[in-house]
Amino acid sequence: MRKMGFSNRWVDLIMACVGSTSYQVLVNGVPRGDIQPTRGIRQEDLLSPYLFLICWEALNQQLQHAARFEVIRGFSLCRNGPRISHLFFTDDTLLVCHASRVDLEVILQLLQLYELASGQKLNSEKTMVFFSKATMEERRVELVEFLGVNEVREYEKYLGLPAVMGRNKKESLNYIRERVWNKLQGGKRGVRELVSSHQYSKFLGMTDLGTVSHFTSYFVSRLQASSCPY
Numbered sequence: 001m002r003k004m005g006f007s008n009r010w011v012d013l014i015m016a017c018v019g020s021t022s023y024q025v026l027v028n029g030v031p032r033g034d035i036q037p038t039r040g041i042r043q044e045d046l047l048s049p050y051l052f053l054i055c056w057e058a059l060n061q062q063l064q065h066a067a068r069f070e071v072i073r074g075f076s077l078c079r080n081g082p083r084i085s086h087l088f089f090t091d092d093t094l095l096v097c098h099a100s101r102v103d104l105e106v107i108l109q110l111l112q113l114y115e116l117a118s119g120q121k122l123n124s125e126k127t128m129v130f131f132s133k134a135t136m137e138e139r140r141v142e143l144v145e146f147l148g149v150n151e152v153r154e155y156e157k158y159l160g161l162p163a164v165m166g167r168n169k170k171e172s173l174n175y176i177r178e179r180v181w182n183k184l185q186g187g188k189r190g191v192r193e194l195v196s197s198h199q200y201s202k203f204l205g206m207t208d209l210g211t212v213s214h215f216t217s218y219f220v221s222r223l224q225a226s227s228c229p230y
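So the sequence shown is residues 1 to 230, counted in full-length UniProt numbering.
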């Protein structure tokens, strides 16, 4: 945090919160014990996501630095477009590079440096590698053995959405419309009356995700309005 420009006073306050954490457990409905954790605050603590982002910013800077000097080579969606080397999600990281041992060695070095600095540890059992169709089978076997992780042949969904989509996005995202429709069908009585016949018939002809989002927002607003006693 000091490297990022936080004042010493702020850093001391945050570390006091991290270092003073204690837990109790319920035994037959009665709180017992005074457990002092060695890993700081618990994951559900309100400070946890912010500290998580601060820690990951160090890894982000290292990966950006390596990509800037083309030590690792990311993926570009189009010719002369920006290259994507990594994406951070809630508690997952997606690293993109060429299927070469040189790129992977650099990534492993950065991850090991991050582990030493943060105290976190890479879980190889939950780590997976995914190759493009153009990668030769011999190269796949070599890199999987080098990394010591499992290979995923095909991603179905990630965070509830298709991990890989072709050109036919309508077909790939059609299940979202079906899920929304099933939710409406199984809702409370009178739900359909809250939606005008025009909006209801419009929903039946939805073909894109933006229209689904618009309809959902409209539907929720009508529900809130109908439940308001004033």
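Backbone N, C-alpha and C fix where the C-beta goes; we use that ideal spot for every residue, glycine too. The structure displayed is predicted, hence computed values, not measured ones.
Close Cβ partners of residue i (< 8 angstroms) along its chain, the five nearest in sequence each way excluded
i           : result
residue 35  : 22, 23, 24 and 25
residue 110 : 59, 62, 63 and 66
residue 230 : Note that residue 230 scores 41 on pLDDT, short of 50, meaning its location in the model is unreliable; the coordinates nonetheless yield the value given after this. So the list is empty, once near-sequence residues are dropped.
Member of the options whose CA lies at the smallest distance from the CA of residue i
i           : options              : result
residue 14  : 54, 85 and 29        : 54
residue 70  : 148, 152, 96 and 140 : 96
residue 84  : 126, 45 and 68       : 68
residue 152 : 139, 127 and 168     : 127
residue 114 : 27, 60 and 103       : 60
residue 19  : 10, 37, 174 and 31   : 37
residue 123 : 6, 1 and 93          : 93
residue 48  : 17, 168 and 179      : 17
residue 52  : 91, 182, 31 and 76   : 91
residue 2   : 31, 46, 57 and 32    : 57
residue 104 : 139, 9 and 89        : 139
residue 149 : 108, 135, 32 and 8   : 108
Bridge-paired residues (DSSP) for residue i
i           : result
residue 106 : In DSSP, residue 106 forms no bridge with anything.
residue 128 : 150
residue 93  : 88
residue 35  : 23
residue 2   : None, per the DSSP bridge assignment.
residue 30  : 27
Reduced DSSP secondary structure (H/G/I, E/B, other) of residue i
i           : result
residue 19  : helix
residue 46  : coil
residue 73  : coil
residue 173 : coil
residue 14  : helix
residue 139 : helix
residue 79  : coil
residue 219 : Since pLDDT at residue 219 reaches only 47, below the 50 mark, its modelled position is unreliable, and no value is offered.
residue 41  : coil
residue 64  : helix
residue 196 : Low local confidence applies: a pLDDT of 49 at residue 196 is under 50, so the model's placement there is unreliable, with the coordinate-based value given in what follows. Note: residue 196 maps to coil in three-state DSSP.
Neighbourhood of residue i by C-beta, 7 angstroms cutoff - its chain only, sequence neighbours within 5 removed
i           : result
residue 106 : 66, 71 and 72
residue 44  : none
residue 86  : 63, 93, 94, 95 and 96
residue 255 : This structure does not reach residue 255, given that the chain is present from 1 up to 230, and the question cannot be answered.
residue 179 : none
Close beta carbons around residue i, own chain, < 6 angstroms, minus the five adjacent residues each side
i           : result
residue 98  : 73
residue 201 : Low confidence applies here, because residue 201 scores a pLDDT of 47, under 50, leaving its location unreliable; read the following figure in that light. If we look at residue 201 and ignore the five residues flanking it on each side, it has no Cβ neighbours.
Residue i beta carbon near the ligand ATP (any heavy atom closer than 6 angstroms)
i          : result
residue 54 : The ligand ATP is absent from the structure shown, which contains no ligand whatsoever.
Measuring CB atoms only, is the segment 63-80 touching the segment 118-129, in the sense that at least three cross pairs come out at less than 8 angstroms? no
The segment 142-151 in contact with the segment 121-134 per 3-pair CB rule at 8 angstroms: yes
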